[in-house]
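In our numbering, the protein residues as written are 19 to 122.
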């Protein structure tokens, strides 16, 4: 019956009850950022191979040079930051950048 099926489904968690630790590493998509090109905020902003402060640094971006990144719309939470995936940048590389350093 429908009642027994519903009882077997996992209970939905509210957004408030999900800790950052439990969703680290999962990839999400934000349609507002798909193919969006943005300038960087700050100088010496690190573009990384992987999301997180332990990801290899591929290069650095500089606000005072007008450096920009094109976002894929994909993001994840890691090292206490929201990391945005970058499909292109003014230094010719793709990678990941913390959203704090993006002007959007």
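All C-beta atoms, glycine included, are put in the ideal place defined by N, C-alpha and C. Note that this is a predicted model, so its numbers are computed, not measured.
- By the neighbour-count criterion, in which 16 or more other beta carbons inside 10 Å mark a residue as buried, residue 68 falls on the exposed side.
- In the DSSP secondary-structure assignment, residue 95 is bridged to 100.
- Close CB contacts of residue 61 within its chain, under the 7 Å cut and outside five residues either way in sequence, are with 80, 81, 82 (chain order).
- Here DSSP, grouped into helix, strand and coil, assigns residue 122 to coil.
- Of the residues assessed, residue 122 falls on the exposed side of the cut-off, its CB having fewer than 16 other CB atoms within 10 angstroms.
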